[in-house]
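Below is one structure, written out as structure tokens; the observations come after it.
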Amino acid sequence: MYPQEDRDKALWRLEKFLEIREQLKQNPTFQSILERTYPDSRDGFTDEYAREKVSWLEYGPNNKEWVEREEMRWLDDATRCLGEIQQKKLFDAQCLWRAGQLEIPEVRTSKDFSFWENNIMQCPFISEINENDIEMYTQYLQSFNVEFLERFIMPWQDYDGIKISQDSETAIRPFPEWYDFHNGRTGAAMYMNLPDVKGEKERYYIKLWMEENKRKREENPELYVSKVDPRPYLSNQDGNINYFVNTFDTDEMKDLYRKYKGISETSNHVEGLQERIRILSRSSETPAIPTTTTIAETIELQVHKVKVAEIVNTLPPAFEQYKLDKEMGLFHELEKDKYGDWHYNAILRGRELAGESRDFDY
């Protein structure tokens, strides 16, 4: 796709997203359903539903052909790799911030690193991706321990969990292989040995806040009857999307949705086998089967090699698309933080209880 086509398609997606989101906000049926769900989940679900509908409109009519275009899959994977490059920069910044060695205006508490993790491509206080980043990540892709093939589902900014996993083979979560590779090339592992000054202070403030709340509940139990909203939290899981589509959307949109979803859940296993066959068909190499491995293990190894080669080839165009998006300012709206307020309020109150000023200057 040429640059002008990239711009046109990106602008179309953004305009269509904003249009659909506004339609949803004005749709009385849609809003009446939302009223039966947890308030803090509504905006996020509305945004995600609008993005889904843009995808149905864009790909639904020709989804079969689109699925077969493997280069789109590699571009998606390569774009995710760009995000992983930025996650390491953010984690290093978090270590420095926690040690009191880096001031970041966009960060008030450690909770804000989770916010920027979810909006990593728009994080304003880490350096933009450059040629050196691409070169190092390409070397990582070609290393033995690359783990991008199975999407890294653990949080990238899980400071406590990652620090524990660094020195423990029995930790609940693994240490990110990309972080390990990067540290080995840059010496950035030293950041993880810095003291967690701000984290310790936050835990102290939150402890004071919790103790105060406990005293209040014990002194006036009648005032602390649970006020938890009983309505269900609305997530963007397929079951919820399916319910909304069939409840209020048009027959045309229902048809596009079905086409976009493509293969049914019952055929996922077959689809997985077909995917491996498609990937292997892209390689001219005939895999040898070592006597120490099974045929299934050999196939997986060969699939791994092909995937690495494909994404290494796709990383440069993904990088060019990233630079174009930065130039045009074409990124999603920042994802809202649904759970940060209690953390901020707890720390502010804890500072008051500690005889300190009610601010984040700690």
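Per numbering that gives the first Met the number 0, the very first residue in the sequence shown carries number 0; after that it's consecutive. Cβ atoms here follow ideal geometry from the backbone N, Cα and C, with glycine treated the same way. Values in this document were obtained by computation on a predicted structure and should not be read as measured data.
Query, Result
"Consult DSSP for residue 244 and reduce its assignment to one of helix, strand or coil.", "helix"
"Return the first residue and the last residue of the alpha helix (DSSP H) that residue 132 is part of.", "130-140"
"Indicate whether residue 81 and residue 317 have their beta-carbon atoms separated by less than 9 Å.", "yes"
"In terms of residues, what are the limits of the alpha helix (DSSP H) holding residue 49?", "41-58"
"Does residue 361 come out as helix, strand or coil in the three-state DSSP assignment?", "coil"
"Using CA coordinates, which residue listed in 142, 130, 103 and 134 is at the minimum distance from residue 124?", "103"
"Hey, could you find the ends of the alpha helix (DSSP H) residue 257 is sitting in?", "250-260"
"By how many angstroms is the C-alpha of residue 214 removed from the C-alpha of residue 7?", "59 Å"
"Can the beta-carbon of residue 247 be found closer than 9 Å to that of residue 45?", "no"
"Can you tell me the Cα-Cα spacing of residue 262 and residue 20, whole angstroms?", "Low local confidence applies: a pLDDT of 42 at residue 262 is under 50, so the model's placement there is unreliable, and no value is given."
"Tell me whether residue 164 sits in a helix, a strand or coil according to DSSP, three-state version.", "helix"
"Measure the alpha-carbon distance for residue 166 versus residue 303 and round it to whole angstroms.", "28 Å"
"Can you tell me the Cα-Cα spacing of residue 381 and residue 208, whole angstroms?", "Residue 381 lies beyond the range of the chain shown here (0 to 361); nothing can be said about it."
"In this structure, does DSSP put residue 268 in helix, strand or coil?", "Low local confidence applies: a pLDDT of 49 at residue 268 is under 50, so the model's placement there is unreliable, and no value is given."
"Whose C-alpha, out of 112, 84, 136 and 341, is nearest the C-alpha of residue 308?", "136"
"For a test of the three-state rule: what should DSSP assign to residue 95, helix, strand or coil?", "helix"
"Taking residue 241 and residue 233 to be in contact with their CB atoms under 8 Å, please state how far apart those CB atoms are, rounded to whole angstroms.", "Not confirmed; about 13 Å, so no contact."
"Could you give the distance in angstroms between the alpha-carbon of residue 25 and the alpha-carbon of residue 117?", "28 Å"
"So, using beta-carbon positions, are residue 353 and residue 204 closer together than 9 Å?", "yes"
"Determine the direct distance from the alpha carbon of residue 109 to that of residue 196, and round the result to whole angstroms.", "11 Å"
"DSSP three-state label for residue 354, please.", "coil"
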